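Structure, as structure tokens:
Numbering (the numbering used here), first residue to last: 382 to 730.
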């Protein structure tokens, strides 16, 4: 991490989170914890990972303060809470409620979302909706309980389905399902998963497997590409692309499914179809570090500023400075690419 001093911000004072390439970050991803109650094979080893010490993790009040600075001073318009597994954060509902009370410079309400593995969502979906959460993305990589247990190393398939149903009943719509296909593991489930999602009114999003798991575990040959996913879906469905420009800064390319009004399926091709040029995201880790990119190898310390007594203006300036240095792209296809030291669970999706 790089320490940031209150007086050392190099970015212009005032304004939003603009980088050298003219991109403006308006979408904040906030990791609430690095802990998770699954052990997905592409994310972490069976024994788990060393968790961040409790005293390094931001308190609820510190989390809310940084979100408020992002919204009120830096132009953030959407906040997504991630992990690890964010449902493991006891103060989640309070953080969501405090975020929902914030207003952007033009008086608009902040849009809020949650990315979760769904364990325990059946018990908290209503409270989260009441707190002001707008929608959820739930990870599910297989319709087969045994295969799910193999991928996640936990026999919790039924709990994920219960969480999805509860989210839908609570009005956290559209309920989106995130799926990672891995060659030789679940790459035969593209069509069954979309069929199931359409039956339940869920919006399915396939995500290319990214090099963010345990070091040395990602192999290019295991990657099921966006093109392969679309070709598989085309054997059973007619997909109609959204109009040019409709995607904006969204990570997913989205198609409407003919014959199913309002239904969409998306593919996030982070590896083979990168969308870096339109990226509008900034990230906060659970221990208070700013990351300009999911694949960044450097991060900037805001926790130190908070705990050192810096005022909101100084924190905002430091955040602007951190984002100014954002790279043009993640460079996964570059021979010099190096995986970040942190894994996905410690960064936040």
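Quick reminder that beta carbons are idealized off the backbone N, C-alpha and C, glycines included.
Predicted model only: the values in this text are computed from it and were never measured.
- Contact between residue 633 and residue 586 holds, since their C-beta atoms are separated by about 5 Å, short of 8 Å.
- The C-beta of residue 431 has fewer than 16 other C-beta atoms within 10 Å across all chains shown, which makes the residue exposed.
- Per DSSP, the unbroken alpha helix (DSSP H) holding residue 478 starts and ends at 473–481.
- Here residue 554 has 516 as same chain residues with Cβ atoms under 7 Å from its own Cβ, once five neighbours each way along the sequence are excluded.
- Only residues of its own chain outside the window of five on either side were considered, and among them 641, 644 have a CB closer than 6 Å to the CB of residue 579, listed in chain order.
- Sorting 657, 623, 568 by C-alpha distance to the C-alpha of residue 610 places 568 at the top.
- For the segment 516–553, the continuous alpha helix (DSSP H) assignments of 4+ residues that do not extend past its boundaries occur at 526–533, 538–550, in sequence order.
- Cβ-Cβ distances below 8 Å link residue 544 to 497, 499, 500, 501, 502, 503, 506, 519 in the same chain, with the five nearest sequence neighbours on each side left out; the list follows chain order.
- Annotated as distal: residue 564 and residue 621, with beta-carbon spacing of 8 Å or more.
- The count of Cβ pairs closer than 8 Å, one atom from the segment 415–433 and one from the segment 692–701, stays below three, leaving the stretches out of contact.
- Taking residue 524 as reference, the option from 442, 576, 485, 437 with the minimal CA-CA separation is 576.
- Annotation: residue 465 is outside any beta strand (DSSP E) and is labelled neither H nor E by DSSP.
- Between residue 589 and residue 650, the C-beta spacing is below 8 Å.
- When rounded, the separation of the alpha-carbon atoms in residue 572 and residue 468 is 29 Å.
- Put simply, the backbone Cα of residue 690 is about 43 Å away from that of residue 550.
- The continuous stretches of alpha helix (DSSP H) do not include residue 408, which lies in the beta strand (DSSP E) extending over residues 408–412.
- The alpha-carbon of residue 462 is positioned some 10 Å away from that of residue 414.
- Per DSSP, residue 620 is not a residue of any alpha helix (DSSP H); the beta strand (DSSP E) it occupies stretches across 620–622.
- The segment 433–446 makes no contact with the segment 697–710, as fewer than three CB pairs between them are under 8 Å.
- Here residue 521 is not near residue 477, since their CB atoms are 8 Å or more apart.
- In this structure, the beta-carbon distance from residue 450 to residue 409 does not fall below 8 Å.
- Taking C-beta atoms as the reference points, residue 562 and residue 619 fail to come closer than 8 Å.
- CA-to-CA, the gap between residue 566 and residue 454 works out to about 45 Å.
- In the DSSP assignment, the residues bridged to residue 557 are 518, 584.
- For residue 672, the three-state secondary structure derived from DSSP is strand.
- Contact between residue 485 and residue 493 fails: their C-beta atoms lie close to 13 Å from each other, not under 8 Å.
- Within the same chain, Cβ atoms closer than 6 Å to the Cβ of residue 419 are found at 498, 533, 535, the five residues on either side in sequence being excluded.
- When the five nearest sequence neighbours on each side are left out, the beta carbons in the same chain lying within less than 6 Å of the beta carbon of residue 399 are those of 405, in order along the chain.
- The C-alpha of residue 417 is placed about 16 Å away from the C-alpha of residue 531.
- Here the C-alpha atom of residue 396 lies approximately 23 Å from the C-alpha atom of residue 685.
- The alpha helix (DSSP H) runs of length 4 or more contained entirely in the segment 629–694 are, from start to end of the chain, 684–688.
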